[in-house]
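So in numbering that gives the first Met the number 0, spot 167 of the first sequence is number 166, and the numbers just go up one at a time.
Cβ coordinates follow ideal geometry from the N, Cα and C atoms, glycine included.
What follows is a set of notes on a single structure, which appears directly below.
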Amino acid sequence: MPELPEVETIIQRLKHGNQDQPPVPGNIIQSVLVTWDRSIAEPDPRSFQRILVGKQIMDACRRGKYLHFPLDRGHLIAHLRMSGDMRMEKSISSDGAHLPPAEHDRVILNFTTSYRMAFNNIRKFGRMWYVEDAQSVFLGLGIEPLSDQFTAQGLFEILHTHNRQIKPLLMDQKLIAGMGNIYTDETLFRARLHPLRKSDSLSLQETEDLYHAIREVLNEGIRQFGASLDWVYRGGQFQNTFKVYQREGESCFECGTAVEKIIVGQRSSHFCPNCQKRQ
DNA sequence: AGCATTACCCGCACGC
DNA sequence: TGCGTGCGGGTAATGC
Numbered sequence: 000m001p002e003l004p005e006v007e008t009i010i011q012r013l014k015h016g017n018q019d020q021p022p023v024p025g026n027i028i029q030s031v032l033v034t035w036d037r038s039i040a041e042p043d044p045r046s047f048q049r050i051l052v053g054k055q056i057m058d059a060c061r062r063g064k065y066l067h068f069p070l071d072r073g074h075l076i077a078h079l080r081m082s083g084d085m086r087m088e089k090s091i092s093s094d095g096a097h098l099p100p101a102e103h104d105r106v107i108l109n110f111t112t113s114y115r116m117a118f119n120n121i122r123k124f125g126r127m128w129y130v131e132d133a134q135s136v137f138l139g140l141g142i143e144p145l146s147d148q149f150t151a152q153g154l155f156e157i158l159h160t161h162n163r164q165i166k167p168l169l170m171d172q173k174l175i176a177g178m179g180n181i182y183t184d185e186t187l188f189r190a191r192l193h194p195l196r197k198s199d200s201l202s203l204q205e206t207e208d209l210y211h212a213i214r215e216v217l218n219e220g221i222r223q224f225g226a227s228l229d230w231v232y233r234g235g236q237f238q239n240t241f242k243v244y245q246r247e248g249e250s251c252f253e254c255g256t257a258v259e260k261i262i263v264g265q266r267s268s269h270f271c272p273n274c275q276k277r278q
C-alpha cells in the first residue's frame with residue numbers, strides 16, 4: 000500500500016495506536032528477525048539485527064513514501080515499494096506462546112513488551128535501513144507536496160526547468176516526493192491535463208489548477224485512508240473515488256466519453272481523451 | 001554533452 | 001496452465 004496517502008495512513012496508525020494496539024514510539028527493541036535478507040538495504044542483515052537491539056523508537060513519521068522511525072540513536076527507515084504493510088501487534092498469544100511470523104513477514108522487531116512490529120512485503124521489493132543520519136537515505140528526495148513550502152510558484156519552477164512528459168515528472172521522487180501511479184492519474188484528471196503534456200508547456204493558470212489538484216487528491220486519499228486494491232487490502236476507501244484509474248472503457252463522470260488507457264513511462268495511464276486534451 | 005525516454009529487472013499473487 | 005499485469009524505483013541503454 001505504497002503512495003503518500005497509504006504511507007501516511009500506516010504512519011498515523013503506528014504513531015498513535017488504536018483500541019487494538021499501543022503506539023510504536025516509546026518501545027524498545029529486544030530482538031530482530033529477518034526472514035528475507037534482501038529486505039535489508041543497510042547495513043548488512045546481521046549487523047542490522049545486532050545494532051537495533053536495545054534501541055528505543057522515539058517517533059513515527061513519513062517522508063515521501065518512506066516510513067521513518069527516529070531512534071534514541073540513529074534512524075530506522077522503511078520503504079514498501081509495490082506491496083506491503085507495517086503492523087504493530089501482539090507477539091504472544093493468550094496462552095503465552097510466541098506467535099510465528101505471518102505469511103510474507105520479512106522483518107520483525109520484537110519489543111521488550113508483548114508487542115512487535117512486522118514489515119510485511121509480499122513482492123519482496125521493499126527495503127529497510129538502519130542509518131546514523133536519516134539524510135543519507137532521504138538525500139535527493141523532492142519537496143513534500145502537502146507542506147507549506149510547496150507552492151504553485153514552486154511547482155511552476157519545477158515544470159519549467161524541465162521539458163518532460165507531465166506524468167513521469169510528477170512521479171519523479173527527486174522532484175516531488177509521494178506521488179505514485181494512482182494519485183497522479185487522478186490528479187491529472189482533476190487538472191484536466193493530458194499525461195503526455197510537456198511540463199514546460201503549462202501556463203500559470205494550468206499550473207495553479209495542477210497544484211490544487213495535487214493537494215486535493217492527496218488530502219482526499221488521506222481522508223479515505225488510502226486506496227485498497229485487489230489482494231493488497233488495507234481498509235482504505237479511496238478506490239471508490241477513482242475518476243479514471245482502472246476505469247478503462249468506462250464513461251467519464253464529467254462528459255461520458257470512454258476512459259482510455261495508454262502506457263506512459265512504462266506505467267499504465269488512465270485519462271479522459273475529451274476532458275484531458277493533449278492539444 | 002546532457003537531458004529525456006525506454007528497457008529490464010526484481011517476487012509474488014491474481015484474473016482471464 | 002500460461003501469460004499479462006501491477007499503489008516502485010534502480011541501473012543501463014538508447015534517443016534526441
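For the alpha helix (DSSP H) holding H211, just list the boundary residues, first then last. The sequence position of residue 211 within the first sequence is 212, counting from 1. Run containing H211: L203 to R222, per the alpha helix (DSSP H) assignment.
Three-state class that DSSP yields for R163 in the structure shown: Residue 163 sits at position 164 when you count from the first residue of the first sequence. If DSSP states are grouped into helix, strand and coil, R163 belongs with coil.
Residues near L203 in its chain [Cβ-Cβ closer than 7 angstroms; skip 5 each side]: Position 204 of the first sequence, counted from the first residue, corresponds to residue 203. Same-chain partners within the cutoff: F155.
Selection from F224, W128 and T256 that minimises the alpha carbon distance to D36: Walking along the first sequence from the start, residue 36 turns up at place 37. Of F224, W128 and T256, the residue nearest in Cα terms is W128.
Which whole-angstrom value describes the C-beta separation of L145 and R214, a residue pair presumed to lie in contact below a C-beta threshold of 8 angstroms? Position 146 of the first sequence holds residue 145. Position 215 of the first sequence holds residue 214. Yes, L145 and R214 are in contact; Cβ-Cβ is about 6 angstroms, under 8 angstroms.
Does the structure place the region 239–246 close enough to the region 179–196 that three or more beta carbon pairs sit under 8 angstroms? Segments in contact, yes.
Would DSSP call L66 helix, strand or coil? What you label residue 66 is simply residue 67 of the first sequence in a count that begins at 1. Three-state result, L66: strand.
Can you tell me which of the three DSSP states R122 falls into? In the first sequence, residue 122 corresponds to position 123, counting from 1. In the structure shown, R122 sits in coil (DSSP, three-state: anything other than H, G, I, E or B).
How many Å lie between I142 and F149 at the Cα? Here residue 142 corresponds to residue number 143 of the first sequence, with the count starting at 1. Here residue 149 corresponds to residue number 150 of the first sequence, with the count starting at 1. One C-alpha to the other measures close to 7 angstroms.
Under the rule that 16 or more other beta-carbon atoms within 10 Å means buried, what is K64, buried or exposed? Position 65 of the first sequence, counted from the first residue, corresponds to residue 64. K64 comes out buried.
Please determine, among E247, R277 and E253, the residue with the shortest C-alpha to C-alpha distance to H269. If you number the first sequence from 1, residue 269 lands on position 270. For H269, the nearest C-alpha among the options comes from E247.
I need the straight-line Cα distance from A59 to P194, nearest angstrom please. Here residue 59 corresponds to residue number 60 of the first sequence, with the count starting at 1. Here residue 194 corresponds to residue number 195 of the first sequence, with the count starting at 1. Rounded to the nearest whole angstrom, the CA to CA distance from A59 to P194 is 34 angstroms.
Decide if the region 106–120 is in contact with the region 160–173; the criterion is three or more beta carbon pairs, one per stretch, under 8 angstroms apart. Note that the region 106–120 does not touch the region 160–173; fewer than 3 beta-carbon pairs, one per stretch, sit closer than 8 angstroms.
Hey, how far is the Cα of F47 from the Cα of G255? Taking the first sequence and counting its residues from 1, one reaches residue 47 at position 48. Taking the first sequence and counting its residues from 1, one reaches residue 255 at position 256. Rounded to the nearest angstrom, the gap between the Cα atoms of F47 and G255 is 54 angstroms.
Among M57, R62 and V33, which has the Cα closest to the Cα of R49? Stepping through the first sequence from its first residue, residue 49 is reached at position 50. Among M57, R62 and V33, the Cα nearest to that of R49 belongs to V33.
Label V31 either buried or exposed according to how many other C-beta atoms from any shown protein chain fall within 10 Å of its C-beta, with 16 as the threshold for buried. The residue given as residue 31 occupies position 32 in the first sequence. Buried: at least 16 other Cβ atoms inside 10 Å.
Within the region 149–193, ranges of the alpha helix (DSSP H) (whole runs, at least 4 residues): Annotation: the region 149–193 contains the following complete segments of the alpha helix (DSSP H) (minimum length 4 residues), in chain order: 151–159, 165–170 and 180–189.
Tell me C60's beta-bridge partners as DSSP assigns them. Numbered from 1 along the first sequence, position 61 holds the residue referred to as residue 60. In DSSP, C60 forms a bridge with H67.
Rounded to whole angstroms, what's the CA-CA distance from H108 to K260? Just pull it up for me. Here residue 108 refers to the residue found at position 109 of the first sequence. Here residue 260 refers to the residue found at position 261 of the first sequence. Note that residue 108 corresponds to Leu in the displayed sequence, not to His. Each residue's CA atom was taken as its position, placing L108 and K260 some 41 angstroms apart.
Whole-angstrom Cβ separation of D71 and K54, contact assumed at under 8 angstroms? Counting from one through the first sequence, the residue named residue 71 turns up at place 72. Counting from one through the first sequence, the residue named residue 54 turns up at place 55. Taking the Cβ atoms as the reference, D71 lies roughly 6 angstroms from K54, within the contact range of under 8 angstroms.
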